[in-house]
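A.B. asks: If you count the sequence shown from 1, position 176 lands on 159 in the numbering used here, and the numbers rise without skipping.
For every residue, glycine included, the Cβ atom is placed at its ideal position computed from N, Cα and C.
The structure follows.
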Amino acid sequence: MQHLYKRYGKDKQAVVNDFHLDIKDKEFLVFVGPSGCGKSTTLRMIAGLEDISEGEVYIGEQLVNHLPPKDRDIAMVFQNYALYPNMSVYENIAFGLRLRKQPRHEIDLAVRRAARVLEIEPYLNRKPKELSGGQRQRVALGRAIVREPSVFLMDEPLSNLDAKLRVQMRMELIKLHKTLGATFIYVTHDQIEAMTMADRIVVMKDGVIQQIDTPETVYTSP
Ligand code: ADP
Ligand code: ADP
């Protein structure tokens, strides 16, 4: 991100104010900060779901400012899972690949591989409403994984889960990050999540980056 700005409205205060940040390949980077500080907006600009007011976003060597979301080497996982209620788990995971018109047998292999990694193979024929919260979150992760992106964007993906499941999913995400060998950019307002998962933490306040450092340094400095 190079001198990235977001203003909602011409004369409005920037909610993302001069972000200059080099995210490393395969890094687990966590954005923390109070509600409304601009975390989601930042992710959405990286994903292409929000126009950039000023500045540049590169993914690898590629300037992506004007690239549609589906052509970016990323996948996003949302807090509310965003599953299609009338589709089976299988179809939910396969959906993005079908849009890309990938051959059927390739889609089938990719869906089954993702389901195996996430341990949701037994539920492929169920509808989302027949699943627990944790299983639904895994399906949402499955939809991201099958795209095989280099970068995963996750916006508070665990915040709808109960405390016990959150701890379990936290560990699973750390494992998944290693297994996939991808870059994770993760937004949370939960300090424990940030502390346990991050390689580096970006601390935000009122649209400004206050600190970028390892969890040890962020949470021990005065
Ligand atoms: P966070 O994810 O850190 O909670 P957001 O990125 O969602 O914060 O929001 C940052 C700021 O931008 C907030 O003040 C919010 O009210 C404002 N904002 C977000 N989306 C819009 C929008 N569509 N129109 C106007 N203001 C918005
Ligand atoms: P068809 O028109 O041939 O029924 P589908 O799109 O239903 O095509 O299925 C294509 C492939 O996807 C099949 O080979 C099947 O293995 C797999 N598939 C589709 N739906 C499911 C499902 N709910 N559970 C497991 N596999 C499925």
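Excluding the 5 residues preceding and the 5 following proline 78 in the sequence, name in chain order all residues of the same chain whose CB lies nearer than 8 Å to its CB.
C.D. replies: Reading the sequence shown from its first residue, position 95 is the one you call residue 78. According to the sequence as given, residue 78 is phenylalanine; it is not proline. Within the same chain, phenylalanine 78 has close Cβ partners Tyr67, Met70, Arg126.
A.B. asks: In whole angstroms, what separates the C-alpha of leucine 46 from that of isoleucine 35?
C.D. replies: Sequence index remark: in the sequence shown, residue 46 carries index 63 (1-based). Sequence index remark: in the sequence shown, residue 35 carries index 52 (1-based). Roughly 12 Å between the two C-alpha positions.
A.B. asks: Can you list, in chain order, the stretches of the alpha helix (DSSP H) that have 4 or more residues and sit fully within the segment 139 to 170?
C.D. replies: Fully enclosed alpha helix (DSSP H) runs of 4 or longer: 146 to 163.
A.B. asks: Would you identify the three-state DSSP class for asparagine 0, choosing helix, strand or coil?
C.D. replies: The count along the sequence shown starts at 1 and reaches residue 0 at position 17. Strand, per DSSP.
A.B. asks: Is it the case that the CB of threonine 24 approaches a heavy atom of ligand 1 more closely than 6 Å?
C.D. replies: One-based indexing of the sequence shown puts residue 24 at position 41. Yes, the beta carbon of threonine 24 sits closer than 6 Å to at least one heavy atom of ligand 1.
A.B. asks: Give me the DSSP bridge partner(s) of phenylalanine 11.
C.D. replies: Residue numbering aside, residue 11 sits at position 28 when the sequence shown is read from its first letter. Beta-bridge pairing links phenylalanine 11 to Phe167.
A.B. asks: Compare the C-alpha of arginine 96 against each of Val122, Gly116, Glu113, Lys110 and name the closest.
C.D. replies: Taking the first residue of the sequence shown as 1, we reach residue 96 at position 113. Ranking the options by Cα distance to arginine 96, first place goes to Val122.
A.B. asks: Does DSSP put glutamine 174 in a helix, a strand or coil?
C.D. replies: To locate residue 174, count along the sequence shown from 1; it is residue 191. DSSP places glutamine 174 in helix when its eight states are reduced to three.
A.B. asks: Does any heavy atom of ligand 1 sit closer than 6 Å to the C-beta of serine 115?
C.D. replies: Working through the sequence shown from its first residue, we reach residue 115 at position 132. Outside the cutoff, so no.
A.B. asks: Assign arginine 149 to buried or exposed, taking buried as 16 or more other Cβ atoms, counted over all protein chains shown, within 10 Å of its Cβ.
C.D. replies: For this step, residue 149 is matched to residue 166 along the sequence shown. Classification for arginine 149: buried.
A.B. asks: Under the DSSP definition of a beta bridge, which residues are partnered with arginine 183?
C.D. replies: As a working note, residue 183 is residue 200 in the sequence shown. Per DSSP, Leu12.
A.B. asks: I want to know whether the segment 13 to 31 touches the segment 166 to 181 - three or more CB-CB distances under 8 Å.
C.D. replies: These segments touch.
A.B. asks: Give the straight-line distance between the Cα atoms of alanine 165 and aspartate 8, rounded to the nearest whole angstrom.
C.D. replies: Along the sequence shown, read from residue 1 onward, the residue named residue 165 stands at position 182. Along the sequence shown, read from residue 1 onward, the residue named residue 8 stands at position 25. About 7 Å.
A.B. asks: Across the segment -13 to 1 and the segment 19 to 37, are there enough close Cβ pairs to call them in contact, namely three or more that are closer than 8 Å?
C.D. replies: Yes: at least three Cβ pairs fall under 8 Å.
A.B. asks: So, for aspartate 182: in the same chain, excluding its five sequence neighbours on each side, which residues have a beta-carbon less than 6 Å away from its beta-carbon?
C.D. replies: In the sequence shown, residue 182 corresponds to position 199, counting from 1. Answer for aspartate 182: Glu10, Phe11, listed in chain order.
A.B. asks: Quick check on DSSP: helix, strand or coil for glycine 79?
C.D. replies: Here residue 79 refers to the residue found at position 96 of the sequence shown. Reduced to three states, the DSSP call for glycine 79 is helix.
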